[in-house]
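Residues in the first sequence are numbered from 1 upward in steps of one, following our numbering. All residues carry an ideal CB built from backbone N, CA and C; glycine is no exception.
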Amino acid sequence: MQLATWNVNSLGVRLPQVLEWLRAHPVDVLALQELKLTDDKFPADAFAAEGYQAQWFGQKTYNGVALLTRTATSDVVRNIPGFADDMARVITATVPDPVAAPGSSDGIRVIGAYFPNGQAPGTDKFEYKMAWLDGLRAWLREELTRYPKLVLMGDFNITFDDLDVWDPVGMHEQIHCTEDERYHLRALVALGLADSFRLFTQPPKSYSWWDYRDMGFRRNRGLRIDHILVSAALKERARACQVDRTPRKNERPSDHAPVVLTLDSL
DNA sequence: ATGACGGAAGTTTTCCGA
1 MQLATWNVNS
11 LGVRLPQVLE
21 WLRAHPVDVL
31 ALQELKLTDD
41 KFPADAFAAE
51 GYQAQWFGQK
61 TYNGVALLTR
71 TATSDVVRNI
81 PGFADDMARV
91 ITATVPDPVA
101 APGSSDGIRV
111 IGAYFPNGQA
121 PGTDKFEYKM
131 AWLDGLRAWL
141 REELTRYPKL
151 VLMGDFNITF
161 DDLDVWDPVG
171 MHEQIHCTED
181 ERYHLRALVA
191 LGLADSFRLF
201 TQPPKSYSWW
211 DYRDMGFRRN
221 RGLRIDHILV
231 SAALKERARA
241 CQVDRTPRKN
251 ERPSDHAPVV
261 LTLDSL
């Protein structure tokens, strides 16, 4: 079983690349972020033609998230219960666990999230990011008791540590790299979630985002800010986690690359 | 270098992202 996350920076622009990628990588679940379109513009038919069902949560101009799945989902939730938010940032659904008994209600809870950017420490947007992270964690604490098999994936807009940063000195305490933000990632881990990427040996200087400017990708000046976190029950089933850099080489790429998790399905 | 690129809105420029 494979699950993936990809910030596409406008699904309207990137739809052909997403369809192409799905044909080459027929994952079971793909979480999309930054749709940048309203719900009425979501290309559900194009995904259905590729064999994917979809749940989506869009808005005009900014944000917007979706879950594409091979199987039907249940118990879909939009945004963070208990945290009032104008922005479409989170979509959650339960997918069947191929390992569980047929007809079992013991599914995998999948959360696709587009964390706030935060702009810079000291700004209102940074304060919003901190409040959003508080709200996310409070909800996740409960969600994990309901769903022991849980995946939290998306564009976190936070690096775990300096290994995730191409220029740790230059970016020290800059947005995505502050201790305040990293504290929140560690707090998610403390809830019982693991960074699946670091369960495995990875190529040095592995990133998931590169600035469009200044040939960021060609010079591998990037950040690892797209993550797939798994609960303990799924951690033991994790078999691989990789960044797929190839779509970043497309002619009009997203600035993010997909991250793919492979789970043992026995 | 409050820059560089790219997308959206919408109109020739601004906001935002990371």
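If you count every other CB in all the chains shown that lies within 10 Å of the CB of arginine 14, and 16 or more means buried, which is it?
For the purposes of this step, residue 14 is identified with residue 14 of the first sequence, where counting begins at 1. Looking at its Cβ environment, which holds 16 or more other Cβ atoms inside 10 Å, arginine 14 is buried.
Would you grab the beta carbon distance between arginine 89 and valine 65 for me? Rounded to a whole angstrom, and I think it's under 8 Å.
Counting from one through the first sequence, the residue named residue 89 turns up at place 89. Counting from one through the first sequence, the residue named residue 65 turns up at place 65. The pair is a contact, with the Cβ atoms about 6 Å apart (cut-off 8 Å).
Just checking my contact of alanine 257 with serine 208 at CB under 8 Å: how many whole Å lie between their CB atoms?
What you label residue 257 is simply residue 257 of the first sequence in a count that begins at 1. What you label residue 208 is simply residue 208 of the first sequence in a count that begins at 1. Rounded, the Cβ-Cβ distance is 5 Å, consistent with contact.
Residue nearest to leucine 188 in terms of C-alpha spacing, selected from Arg137, Pro116, Tyr147
Stepping through the first sequence from its first residue, residue 188 is reached at position 188. The shortest C-alpha separation from leucine 188 is found at Arg137.
Can you check DSSP and say which residues form a bridge with glutamine 53?
Translated into the one-based positions of the first sequence, residue 53 becomes position 53. Answer by DSSP bridge pairing, in chain order: Thr69.
Let me make sure I understand the geometry here. Which of Pro121, Pro26, Tyr128, Glu20 has the alpha-carbon closest to that of asparagine 250?
Within the first sequence, numbered from 1, the residue matching residue 250 stands at position 250. Here the closest residue by C-alpha is Glu20.
Considering only C-alpha positions, which residue in the set Ala101, Val99, Ala113, Met87 is nearest to alanine 93?
Position 93 of the first sequence holds residue 93. Minimum Cα distance to alanine 93 is reached at Ala113.
Going along the chain, which residues of its own chain have a beta-carbon closer than 8 Å to the beta-carbon of phenylalanine 42, five neighbours each way excluded?
Mapped onto the first sequence, residue 42 falls at position 42. Once the five neighbours on either side are set aside, the close Cβ partners of phenylalanine 42 are Leu11, Leu35, Ala54, Trp56, Gly58, Ala66.
For isoleucine 228: DSSP bridge partner residues:
Here residue 228 corresponds to residue number 228 of the first sequence, with the count starting at 1. Beta-bridge annotation (DSSP): isoleucine 228 is paired with Met153.
Could you check if aspartate 124 is buried or exposed, using at least 16 other CB atoms within 10 Å of its CB as the buried criterion?
For the purposes of this step, residue 124 is taken as the residue at position 124 of the first sequence. By the 10 Å Cβ count, aspartate 124 comes out exposed.
Measuring straight from C-alpha to C-alpha, what distance separates aspartate 180 and glycine 135?
Within the first sequence, residue 180 is the residue found at index 180, counting from 1. Within the first sequence, residue 135 is the residue found at index 135, counting from 1. Rounded to whole angstroms, aspartate 180 to glycine 135 spans 15 Å at the Cα level.
Cβ separation of valine 260 and valine 151, assumed to be a contact under 8 Å, to the nearest whole Å:
As a first step, residue 260 is located in the first sequence; it is residue number 260 there, counting from the start. As a first step, residue 151 is located in the first sequence; it is residue number 151 there, counting from the start. Not really, about 12 Å apart at Cβ, beyond 8 Å.
Continuous beta strand (DSSP E) stretch holding glycine 58: start and end
For the purposes of this step, residue 58 is taken as the residue at position 58 of the first sequence. Under the DSSP assignment, glycine 58 falls outside any beta strand (DSSP E); it carries neither an H nor an E label.
Please say whether aspartate 97 and isoleucine 80 have beta carbons closer to each other than 8 Å?
Numbered from 1 along the first sequence, position 80 holds the residue referred to as residue 80. Numbered from 1 along the first sequence, position 97 holds the residue referred to as residue 97. In this structure, aspartate 97 does not lie closer than 8 Å to isoleucine 80 by Cβ.
Secondary structure of glycine 170, DSSP reduced to three states:
Taking the first sequence and counting its residues from 1, one reaches residue 170 at position 170. DSSP, read as helix, strand or coil, puts glycine 170 in coil.
Return helix, strand or coil for glycine 222, following the three-state DSSP convention.
Locating residue 222 in the first sequence gives position 222, counting from the first residue. In the displayed model, glycine 222 falls within a strand according to three-state DSSP.
For aspartate 164 and alanine 238, the rounded distance between their alpha carbons
Here the question's residue 238 lines up with position 238 in the first sequence. Here the question's residue 164 lines up with position 164 in the first sequence. Note on geometry: alpha-carbon atoms of alanine 238 and aspartate 164 lie some 21 Å from one another.
Please report how far the alpha carbon of isoleucine 225 lies from the alpha carbon of tyrosine 62, in whole angstroms.
The residue given as residue 225 occupies position 225 in the first sequence. The residue given as residue 62 occupies position 62 in the first sequence. Cα to Cα, the separation comes out at about 18 Å.
To which residues of the same chain is leucine 22 closer than 6 Å at the C-beta, ignoring the five residues directly before and after it?
Residue numbering aside, residue 22 sits at position 22 when the first sequence is read from its first letter. Only Glu50 meet the Cβ criterion.
Using DSSP with H/G/I as helix, E/B as strand and the rest coil, what is glycine 12?
Here the question's residue 12 lines up with position 12 in the first sequence. DSSP places glycine 12 in helix when its eight states are reduced to three.
Roughly how far, in whole angstroms, is the beta-carbon of alanine 46 from the beta-carbon of glycine 154, given that I think they are within contact range, below 8 Å?
Within the first sequence, the letter at position 46 stands for residue 46. Within the first sequence, the letter at position 154 stands for residue 154. Contact flag wrong, Cβ pair sits at about 22 Å.
For the beta strand (DSSP E) that contains tyrosine 114, what are its first and last residues?
As a working note, residue 114 is residue 114 in the first sequence. Its beta strand (DSSP E) spans residues 108-114.
Helix, strand or coil at arginine 141 according to DSSP, with G and I counted as helix:
Walking along the first sequence from the start, residue 141 turns up at place 141. Three-state result, arginine 141: helix.
Does the beta-carbon of lysine 60 have 16 or more other beta-carbons within 10 angstroms, so that it is buried, or is it exposed?
Within the first sequence, the letter at position 60 stands for residue 60. Per the 10 Å Cβ criterion, exposed.
Euclidean distance between Cα positions of tyrosine 147 and aspartate 75
Numbered from its first residue, the first sequence carries residue 147 at position 147. Numbered from its first residue, the first sequence carries residue 75 at position 75. Cα-Cα distance, rounded: 12 Å.
When the Cα atoms are used, what is the spatial distance from leucine 199 to histidine 184?
Mapped onto the first sequence, residue 199 falls at position 199. Mapped onto the first sequence, residue 184 falls at position 184. One C-alpha to the other measures close to 20 Å.
Distance, alanine 100 Cα to valine 169 Cα
Your numbering for residue 169 matches position 169 in the first sequence. Your numbering for residue 100 matches position 100 in the first sequence. Between valine 169 and alanine 100, the C-alpha separation is close to 47 Å.
Is it buried or exposed for glycine 118, if we count other Cβ within 10 angstroms and need 16 for buried?
Reading the first sequence from its first residue, position 118 is the one you call residue 118. Burial check for glycine 118: the Cβ neighbour count within 10 Å reaches 16 or more, so the residue is buried.
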